[in-house]
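Peer 1:
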Amino acid sequence: MGSASPGLSSVPPGRLLLPPDTASRTGLEKAAAGAAGPERRDWSPSPPATPEQGLSAFYLSYFDMLYPEDSSWAAKGPGASTREGRPEEPEQCPVIDSQAPGGSLDLVPGGLSLEEHSLEQVQSMVVGEVLKDIETACKLLNITADPVDWSPGNVQKWLLWTEHQYRLPPVGKAFQELGGKELCAMSEEQFRQRSPLGGDVLHAHLDIWKSASTSEDSWADSEVDSSCSGQPIHLWQFLKELLLKPHSYGRFIRWLNKEKGIFKIEDSAQVARLWGIRKNRPAMNYDKLSRSIRQYYKKGIIRKPDISQRLVYQFVHPI
DNA sequence: AACCAGGATCGAG
DNA sequence: CTCGATCCTGGTT
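If you're matching positions, the first sequence starts at 9 in our numbering and goes up one per residue.
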């Protein structure tokens with residue numbers, strides 16, 4: 009049992025989307041069941057705050073892949089009742105800190121909608137993971153994150169890789185000569201026609217890439233703009249800004265406990281880079297950024313949480 | 001090696 | 001004067 013459930017933040021880059029030998033089977037099914045059927049993904053207790061259509065569809069499935077063991081509430085019999093046995097809303101999501109499995113963090117004081125808050129944190133984390141994995145895959149395959157830009161060769165690479173990751177029957181031939189644009193325009197039905205066995209799953213994964221890359225775009229241009237508001241922005245404001253958009257920045261910085269204002273910087277270099285861009289300070293790095301954060305200690309704006317962890321800070325006056 | 005704490009200095013506003 | 005950038009020393013993980 010120890011083999012599964014990898015430490016999330018310490019996963020080797022080679023892992024990519026899902027450990028082939030642990031959760032591959034179930035994860036695959038979930039990916040198909042969760043992401044492929046966007047019509048009936050009403051599992052979310054509260055409507056997502058963002059307009060992104062596809063994203064919420066694969067939170068569930070992805071969450072499953074990441075936590076093959078702890079997802080009993082969504083577990084379906086292998087191959088059994090896939091369509092009927094639709095998972096209930098998660099009553100209580102497992103604590104989702106990357107490390108610190110033992111003490112970890114106390115989620116929510118209790119009382120109000122625990123599911124919503126936990127769900128939010130799950131979402132921001134999962135989105136971060138998804139984007140990270142896609143980023144890794146892009147580097148590995150030397151393709152862009154946006155499938156629309158893929159050449160026929162890129163499409164083949166992606167197919168090969170996805171087939172390999174998810175143990176799908178090889179279907180490259182069926183999609184030969186197709187560019188990214190055509191691929192993205194294809195319906196799930198058309199995918200199935202070309203590949204009766206794994207077509208629906210492929211389509212589901214392409215969907216994930218599509219929605220992930222659109223959120224990437226919004227990240228790209230919002231990092232330039234929004235400084236045009238005028239007066240100089242404060243670091244703490246900037247950090248809250250990033251935290252407000254987990255879809256865009258969730259892989260860089262995210263809430264560990266929004267109610268308490270506890271957040272974690274997941275990618276210190278990237279956060280520093282964004283801050284440098286915003287302030288037009290190309291030499292910015294995390295060393296300097298963190299020094300500025302430390303200046304907030306005495307001003308009572310940010311502090312270290314009670315249980316001090318690396319890269320984890322806390323707003324003194326959370327909203 | 002990366003993170004953390006905090007003193008010192010400097011420039012912009 | 002405030003705020004943040006930069007640099008630095010020294011400690012911790």
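Backbone N, C-alpha and C define an ideal beta-carbon position, used for all residues, glycine too.
List the DSSP bridge partners of K4.
Peer 2: Any property of residue 4 remains undetermined from this structure, which presents the chain solely from 9 to 327.
Peer 1: Is I151 helix, strand or coil by DSSP?
Peer 2: coil
Peer 1: How many Å lie between I301 and Y257 at the Cα?
Peer 2: 19 Å
Peer 1: Are the beta-carbon atoms of K272 and L264 separated by less than 7 Å?
Peer 2: yes
Peer 1: Tell me the residue span of the alpha helix (DSSP H) that contains N162.
Peer 2: P160 to Y174
Peer 1: Please report the residue range of the alpha helix (DSSP H) in which P329 lies.
Peer 2: Since the first and last residues shown for the chain are 9 and 327, residue 329 lies out of range.
Peer 1: Helix, strand or coil for M292 per DSSP?
Peer 2: Note: M292 maps to coil in three-state DSSP.
Peer 1: Measure the alpha-carbon distance for Q278 versus Y304 and round it to whole angstroms.
Peer 2: 21 Å
Peer 1: Looking at K189: is its Cβ nearer than 7 Å to the Cβ of V163?
Peer 2: no
Peer 1: From E274 to H242, what does the alpha carbon distance come to, in whole angstroms?
Peer 2: 20 Å
Peer 1: Does the Cβ of Q173 have 16 or more other Cβ atoms within 10 Å, making it buried, or fewer, making it exposed?
Peer 2: buried
Peer 1: Determine the contact status of Q322 and I270, defining contact as a CB-CB distance below 7 Å.
Peer 2: yes
Peer 1: Between which residues of its own chain and L319 is the CB-CB distance below 7 Å, once the five residues before and five after are set aside?
Peer 2: K272, I273 and S276
Peer 1: So is R262 buried or exposed if we call it buried at 16+ other beta carbons inside 10 Å?
Peer 2: buried
Peer 1: Mind checking who V311 pairs with in its DSSP beta bridge?
Peer 2: Note that residue 311 is Arg in the sequence shown, not Val. In the DSSP output, where bridge partners are listed per residue, R311 has Q322.
Peer 1: Could you give the distance in angstroms between the alpha-carbon of P177 and the alpha-carbon of L205?
Peer 2: 7 Å
Peer 1: Quick one: what does DSSP say I285 is sitting in, helix, strand or coil?
Peer 2: The DSSP-derived three-state label of I285 is helix.
Peer 1: Tell me which residue opens and which closes the alpha helix (DSSP H) that P254 is part of.
Peer 2: Start and end: P254 to Y257.
Peer 1: Where does G207 sit, in a helix, a strand or coil, going by DSSP?
Peer 2: helix
Peer 1: Starting from E190, follow the alpha helix (DSSP H) in both directions and report where the run begins and ends.
Peer 2: G188 to A193
Peer 1: Compare the C-alpha of V209 against each of G284, T170 and Q245 and name the closest.
Peer 2: T170
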